[in-house]
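Data block below; observations after.
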Amino acid sequence: MLTSWAPLNPDAPKAAQVIRHPSATFAQLIQGSSTDGVDLSQYVSACRHTSRDADVTFAYHNALAGSAQPKPGELLELRLNGQFLWGGIIDSATSYRLRSGEHSLTVKAYTRDNTPTWKEVKRVTDLYATGTPVGVIATDIAAALGLGATEINLPFFGVYTVHSNMQLANMAAQDMLDTVMLSSGYEPYVDAYGILRAISRDLGRASDVIVSEDRVVSIDGSKARSPITSVRVLWLDPALTLVAQQDQALEQATITAGFFQLHQKQDVYFSEDRTQRAQNTYMVVKQSANSGLLNFCSEHYSVISATQGRIEVDTSIFAPWLATEGLAGLIASSYIPDDVAAFGGGVTIPVGRLVEMVSNVAILLVMMSLGTGMYEVRGQPYDYVHGRNTSEATAAGVPDWLLQNDDIENDFVMTEAQAQAFAARELIYRARSANTYKITIVDDPRIERGDIVELYDGSRLYVLDYSRDLTYGAPANLEITGFRA
Amino acid sequence: MSTGNVLTYLTESQITNAETEIDGKALTRPALLATDGAVLAYVVDVDIGKNVILRNVPIARNNRSLVFTDAGSAIRLRRTDSGRYEIIGLSNELPGTYTTFSVNLEDFTFGAVTDLTIVSRLLTYAELVTFGGYGTIPYGAIGIFKGGALLEIRS
Numbered sequence: 001m002l003t004s005w006a007p008l009n010p011d012a013p014k015a016a017q018v019i020r021h022p023s024a025t026f027a028q029l030i031q032g033s034s035t036d037g038v039d040l041s042q043y044v045s046a047c048r049h050t051s052r053d054a055d056v057t058f059a060y061h062n063a064l065a066g067s068a069q070p071k072p073g074e075l076l077e078l079r080l081n082g083q084f085l086w087g088g089i090i091d092s093a094t095s096y097r098l099r100s101g102e103h104s105l106t107v108k109a110y111t112r113d114n115t116p117t118w119k120e121v122k123r124v125t126d127l128y129a130t131g132t133p134v135g136v137i138a139t140d141i142a143a144a145l146g147l148g149a150t151e152i153n154l155p156f157f158g159v160y161t162v163h164s165n166m167q168l169a170n171m172a173a174q175d176m177l178d179t180v181m182l183s184s185g186y187e188p189y190v191d192a193y194g195i196l197r198a199i200s201r202d203l204g205r206a207s208d209v210i211v212s213e214d215r216v217v218s219i220d221g222s223k224a225r226s227p228i229t230s231v232r233v234l235w236l237d238p239a240l241t242l243v244a245q246q247d248q249a250l251e252q253a254t255i256t257a258g259f260f261q262l263h264q265k266q267d268v269y270f271s272e273d274r275t276q277r278a279q280n281t282y283m284v285v286k287q288s289a290n291s292g293l294l295n296f297c298s299e300h301y302s303v304i305s306a307t308q309g310r311i312e313v314d315t316s317i318f319a320p321w322l323a324t325e326g327l328a329g330l331i332a333s334s335y336i337p338d339d340v341a342a343f344g345g346g347v348t349i350p351v352g353r354l355v356e357m358v359s360n361v362a363i364l365l366v367m368m369s370l371g372t373g374m375y376e377v378r379g380q381p382y383d384y385v386h387g388r389n390t391s392e393a394t395a396a397g398v399p400d401w402l403l404q405n406d407d408i409e410n411d412f413v414m415t416e417a418q419a420q421a422f423a424a425r426e427l428i429y430r431a432r433s434a435n436t437y438k439i440t441i442v443d444d445p446r447i448e449r450g451d452i453v454e455l456y457d458g459s460r461l462y463v464l465d466y467s468r469d470l471t472y473g474a475p476a477n478l479e480i481t482g483f484r485a
Numbered sequence: 486m487s488t489g490n491v492l493t494y495l496t497e498s499q500i501t502n503a504e505t506e507i508d509g510k511a512l513t514r515p516a517l518l519a520t521d522g523a524v525l526a527y528v529v530d531v532d533i534g535k536n537v538i539l540r541n542v543p544i545a546r547n548n549r550s551l552v553f554t555d556a557g558s559a560i561r562l563r564r565t566d567s568g569r570y571e572i573i574g575l576s577n578e579l580p581g582t583y584t585t586f587s588v589n590l591e592d593f594t595f596g597a598v599t600d601l602t603i604v605s606r607l608l609t610y611a612e613l614v615t616f617g618g619y620g621t622i623p624y625g626a627i628g629i630f631k632g633g634a635l636l637e638i639r640s
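Line by line, the protein sequences are chains A and B. Each step along the first sequence adds one to the number in my numbering, with nothing skipped, and position 16 is 16. Each step along the second sequence adds one to the number in my numbering, with nothing skipped, and position 129 is 614.
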């Protein structure tokens, strides 16, 4: 509701002005500081505007020819009784006619949110961290559209981003603002002055304007479409869910162990790119290094991290000890003089040879202490994923043959409770908006889109749009289109 | 069985929207549904967040890692032009909770919230006893629950 206005009196004079602004900005219009205004009111033959656009027809001889003609891109200001009523951007000259020396020119102007800049140009926002208020994102989008601080008037939405990697990409600004505000029950709206605001979609709130019986001119009802009977809100759960695969082979390793090395370590990763996490990992010995003649080593597996394990093979100390002792024995045996041990019939064995053979046996045992083990690490690969939750609101008492569903995918939902409130609010809004009414009342410039107008009998109307005829001599009426709140 | 494409017989699900790829949640371990002697068709039941289980969705060929998909895994499904789904990979997203409630459009009052979330998980020892008698249902059996109520058991 525009509090700067008061309801018009049915019999009050209605002086409308149409002013062209070749170089002013919206901020200057809002602040009333523009100095470039060209009053075209004397040439206006017809003028009508809604909350979204305005159509103005001029009739003139030569006054608006050449550079004096309103051009696309310039701002158009409508004033009522000397007060700023509506501002828009001239989009095009929709018709032109020359007849008997008189020119007729109709221009179309739109509010700034009904231009391709808002509705069609694809944009990408910054990256927002967890806990960013959605109002900050909306303000940034508005700033990217060229709006200054005086042109933005957004409420506190009470909703924060809940995901660590929130970025809106390849969307039109209008779609971005819709997405950002919808979860908290608002929709973006550029008011008659060109200020970005948010209008509530909550139909349970108090009425903004009350219209007495003497101000109602006519009421017409119509059904626009079949009502929505179910709304599903699909939202990304902020909490991650662990999902694991079945137990499977993750990695294989082959390790040769022996006297040459006491401890061997080999790190194994659960995927080639070393990023796959796995749980409940364990090692299967497919072929043990001990499968030779001697049991000379032990084989272990340990978990290092979620993506990595380690296989360790520890060789028993006796193998290198025997190697050392055997070599020492061989060397020592070469220093033993050939004392002879005689056995019976003249057979002799040098004492040193016995020592040498014992040392050789030791060395051969060491050589037997070699083996190759083949190992397989198994486990359950897992990842954390997001769940997309569904919260569905269904109209009570609707027969099966009238079911009609809307799905809303929105990631600006923090909790299940918010999702349910979101779904219920949208169901009520979309179900009620199926039946539209057109009400004509005595002009009340306070009323704008999103307001709830209460009639004299207590019925309430949510305003979707309005239309006002500012042509000279037209009745001071306001046509409101809306649905029963 | 003919030597034609066995997948033809596997899924007859009709999905009304035009999405070609969606995320789902595997509710069963891959099971060998059919073979013609030359090819194997592994299938799983999938929750696609529509409150109804999509049955016997085949796993795309040459996708060994998917054969190890366990119940509860996030998977990616692709829809063919003929309206059938096949599982083409793992996903970063899966259907989560599903709650529903009624709203009175006249007085804006809400009804009770009903949980229809489909969950698939290993049965606990106590559940093995409760649902089948100890020893009847094998260890590692999977229970599929909807809103906490047991729908079926898969081993």
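Each residue gets a CB set at the ideal place from its N, CA and C atoms; glycine is no exception.
Sequence-distant residues of its chain with Cβ nearer than 6 Å to residue i (five each side left out)
i: Y60 (chain A); result: Y43, H103
i: T57 (chain A); result: S45, A46, T106
i: L40 (chain A); result: V18, R20
i: F259 (chain A); result: A319, P320, A323, V366, S369
i: Y382 (chain A); result: L242, A244, R277, Q279
i: V233 (chain A); result: S391, I408, A419, F422, A423
Residue from the options whose Cα sits closest to the Cα of residue i
i: K286 (chain A); options: A:L403, A:H263, A:A109, A:T372; result: A:T372
i: L64 (chain A); options: A:F84, A:D53, A:A93, A:A54; result: A:A93
i: M1 (chain A); options: A:R197, A:T324, A:E272, A:S333; result: A:R197
i: L539 (chain B); options: B:R546, B:A559, B:G509, B:E637; result: B:G509
i: D204 (chain A); options: A:A476, A:E479, A:R215, A:S459; result: The question names Asp, but residue 204 (chain A) in the sequence shown is Gly. Answer by Cα proximity: A:S459.
i: R215 (chain A); options: A:P7, A:T481, A:R468; result: A:P7
i: F156 (chain A); options: A:S391, A:V136, A:A173; result: A:V136
i: I311 (chain A); options: A:T50, A:T256, A:S333; result: A:T256
i: T513 (chain B); options: B:S605, B:A559, B:I622; result: B:S605
i: A306 (chain A); options: A:A328, A:S291, A:Q279; result: A:Q279
i: R569 (chain B); options: B:P543, B:T615, B:Y583, B:I627; result: B:P543
i: T50 (chain A); options: A:L478, A:R484, A:A485, A:F483; result: A:L478
i: E213 (chain A); options: A:P238, A:Q28, A:T440; result: A:T440
i: G326 (chain A); options: A:L354, A:H300, A:Y301; result: A:L354
i: Y110 (chain A); options: A:A149, A:L154, A:F26; result: A:F26
Distance between beta carbons of residue j and residue i, contact taken as under 8 Å
i: V209 (chain A); j: D451 (chain A); result: 6 Å
i: E299 (chain A); j: F270 (chain A); result: Going by Cβ atoms, the distance from E299 (chain A) to F270 (chain A) rounds to 19 Å, so no, they are not a contact pair.
Coarse secondary structure for residue i, derived from DSSP in three states
i: A253 (chain A); result: strand
i: Q31 (chain A); result: helix
i: T111 (chain A); result: coil
i: S271 (chain A); result: coil
i: N170 (chain A); result: strand
i: P486 (chain A); result: Because chain A here runs from 1 to 485, residue 486 (chain A) falls outside it and cannot be looked at.
i: E571 (chain B); result: strand
i: M368 (chain A); result: helix
i: I622 (chain B); result: coil
i: N541 (chain B); result: strand
i: T615 (chain B); result: helix
i: M414 (chain A); result: coil
i: G534 (chain B); result: coil
i: G87 (chain A); result: strand
i: K286 (chain A); result: strand
i: N490 (chain B); result: Annotation note: pLDDT 38 at N490 (chain B) (below 50); position unreliable, no value reported.
Identified DSSP bridge partners for residue i
i: A59 (chain A); result: A:S104
i: H49 (chain A); result: A:A54, A:R468
i: I199 (chain A); result: A:E187
i: G387 (chain A); result: B:L579
i: N405 (chain A); result: A:S230
i: R277 (chain A); result: A:Y382
i: P475 (chain A); result: Looking at the DSSP assignment, P475 (chain A) forms no beta bridge with any residue, so it has no partner.
i: F595 (chain B); result: B:V588
i: R563 (chain B); result: B:E506, B:E571
i: E299 (chain A); result: A:V313
i: F483 (chain A); result: A:T436, A:Y462
i: I638 (chain B); result: B:G628
i: A516 (chain B); result: B:V528
i: G258 (chain A); result: A:Q261
Closer than 8 Å to chain E by CB, residue i
i: N389 (chain A); result: Given the protein chain composition of this structure (A and B), no chain E is represented.
Same chain, Cβ closer than 7 Å to residue i, five either side skipped, listed in chain order
i: R425 (chain A); result: G185, R201, D202
i: Q28 (chain A); result: S34
Sequence-distant residues of its chain with Cβ nearer than 8 Å to residue i (five each side left out)
i: G37 (chain A); result: I19, R20, H21, A24, E77
i: Y583 (chain B); result: G534, N536, D600, L601, T602, I603
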